[in-house]
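With the sequence shown counted from 1, adding 20 to any position gets you my numbering.
Built from N, CA and C at the ideal position, the CB exists for glycine as well.
These figures come from a predicted structure and were not determined experimentally.
This report refers to the structure that appears directly beneath it.
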Amino acid sequence: MSNQNTAPLSLEIPPAEKSILVLSGKGGVGKSTVAANLAISLSLQGYATGLLDTDFHGPSIPKLLGMEGTRLTSSDGKKLNPAELGSLKVISVDFMLGSRTDPVIWRGPMKMNVIKQLFEDVNWGKLDYMIVDCPPGTGDEPLSVSQLIPEPTGAVIVTTPQELSLSDVRRSIQFCRALKLPVLGVIENMSGFVCPHCGERTELFGSGGGEKMASEMEVPFLGRIPIEPEIVSSGDSGKPFVDHNRKSQFAKDFENIVTNIKEGAKEGAGPNI
Ligand SMILES: Nc1ncnc2c1ncn2[C@@H]1O[C@H](COP(=O)(O)OP(=O)(O)O)[C@@H](O)[C@H]1O
Ligand SMILES: [Mg+2]
21 MSNQNTAPLS LEIPPAEKSI LVLSGKGGVG KSTVAANLAI SLSLQGYATG
71 LLDTDFHGPS IPKLLGMEGT RLTSSDGKKL NPAELGSLKV ISVDFMLGSR
121 TDPVIWRGPM KMNVIKQLFE DVNWGKLDYM IVDCPPGTGD EPLSVSQLIP
171 EPTGAVIVTT PQELSLSDVR RSIQFCRALK LPVLGVIENM SGFVCPHCGE
221 RTELFGSGGG EKMASEMEVP FLGRIPIEPE IVSSGDSGKP FVDHNRKSQF
271 AKDFENIVTN IKEGAKEGAG PNI
């Protein structure tokens, strides 16, 4: 057993050329949706991409991608093969847990060890991008991931227009600053509703707060994504939305966001850390 008080040893080899954490202060703002669609978009663009779901208490990537119940195999008895969706490689803590209804009690150091194994004991191969979906808040999982990965590329922070989640975002940004994790930017999700028939935009919960806050906090604003009624059914049926409905406003807005993330990741640590 490792000493629980020692700082974690970082991975010897970075898991990918670029590693991006998807964070939010609050649950239910669309973090997993963003992580899944970002990973799918990058893999559709031809990048070797991995998606790692580190949400121990509510892993939702398998459901979003229709991969529930996946049990991993090993070719050499040592390393696990990730699940695959096209060329995207996917690992979720859910694949490691037994019955989904089992309550799981994990303490911080145990989570850290499991996360380390998810990087080291999986045949990820050579990746251009590793997208890490984190649970809400600033707990053990994002802390472990950002300490384990040598020089992570940065974090994408997801919010909704409501003030409550914006104040949570400020906390996420402070967290990144404390860890010297570059903030690639903020995404405002569920920002308005675009009528699928006439294209008119209605601001149901207000909009623009994410952009204003990003500018106040001097981090990039990556873009906003409207409420997309179909995303719920596509998530439930395991069809990632960007692939399933490429002509939607969501897919178009998302494409710009992916471009902005790639640009930010290229530049590396900006002045915002
Ligand atoms: N832009 C959107 N439009 C409509 N529903 C959305 C949108 N983004 C996310 N959702 C839905 O909101 C719920 C929470 O999203 P999820 O990505 O699981 O959030 P988180 O990971 O932050 O907890 C899911 O049911 C998802 O399908
Ligand atoms: Mg989630």
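Compare the Cα-Cα distances from residue i to each of the options and report the closest residue.
i: residue 294; options: 176, 72 and 240; result: Any question about residue 294 goes unanswered here, given that the chain covers just 21 to 293.
i: residue 36; options: 56, 234, 182 and 109; result: 109
i: residue 66; options: 46, 33, 107 and 82; result: 107
i: residue 229; options: 129, 185, 191 and 200; result: 185
i: residue 157; options: 145, 134, 130 and 194; result: 194
i: residue 54; options: 34, 147, 242 and 161; result: 242
i: residue 79; options: 94, 64 and 56; result: 56
i: residue 234; options: 269, 221, 268 and 191; result: 191
i: residue 215; options: 248, 64 and 231; result: 248
i: residue 268; options: 279, 250 and 278; result: 250
i: residue 134; options: 64, 116, 278 and 231; result: 116
Say the cut is 6 Å; is the CB of residue i nearer than that to a heavy atom of ligand 3?
i: residue 280; result: Ligand 3 is absent from the structure shown, which contains only ligand 1 and ligand 2.
Please report the straight-line C-alpha distance between residue i and residue j, rounded to a whole angstrom.
i: residue 81; j: residue 154; result: 11 Å
i: residue 203; j: residue 59; result: 18 Å
i: residue 33; j: residue 275; result: 30 Å
i: residue 284; j: residue 129; result: 32 Å
i: residue 219; j: residue 201; result: 38 Å
i: residue 189; j: residue 103; result: 31 Å
i: residue 21; j: residue 94; result: In this prediction, residue 21 scores a pLDDT of 43, lower than 50, which makes its location untrustworthy; no coordinate-derived value is stated.
i: residue 168; j: residue 187; result: 27 Å
i: residue 278; j: residue 197; result: 23 Å
i: residue 294; j: residue 236; result: With the chain represented from 21 up to 293, any question about residue 294 goes unanswered, as that position is not in the structure.
i: residue 217; j: residue 46; result: 32 Å
Ignore the nearest five residues each way along the sequence and tell me which others in residue i's own chain have a CB closer than 6 Å to its CB.
i: residue 126; result: 76
i: residue 224; result: 213
i: residue 44; result: 51, 156 and 178
i: residue 114; result: 79 and 82
i: residue 105; result: 85
i: residue 6; result: Outside the displayed span of the chain (21 to 293) sits residue 6, for which this structure offers no information.
i: residue 143; result: 99 and 101
i: residue 150; result: 35, 36, 39 and 70
i: residue 231; result: 241
i: residue 221; result: 212 and 214
i: residue 42; result: 51, 54, 55, 153 and 176
i: residue 287; result: none
Please list, in chain order, all residues of the same chain as residue i whose beta carbon is under 8 Å from its beta carbon, the five residues on each side excluded.
i: residue 148; result: 36, 37, 38, 62, 67, 68 and 69
i: residue 273; result: 243, 244, 245 and 246
i: residue 281; result: 40, 58, 176, 204, 205 and 242
i: residue 209; result: 49, 50, 53, 54, 178, 179, 180, 244 and 245
i: residue 145; result: 68 and 109
i: residue 240; result: 203, 204, 205, 206, 234, 280, 284, 290 and 292
i: residue 141; result: 98, 99 and 100
Counting only the same chain and skipping the five closest in sequence on each side, list residues whose C-beta sits under 7 Å from that of residue i.
i: residue 139; result: 31, 35 and 168
i: residue 170; result: 30, 31 and 34
Exercise for the section: Check whether the region 169-176 touches the region 93-113, taking contact to mean three or more Cβ pairs, one atom from each stretch, closer than 8 Å. Expected result: no
Practice task
Could you say if the region 74-93 and the region 179-190 meet the contact criterion of at least three C-beta pairs nearer than 8 Å?
Solution key: no
Practice task
Kindly provide the chain-ordered list of residues whose Cβ lies closer than 5 Å to any non-hydrogen atom of ligand 2.
Solution key: 51, 52 and 80
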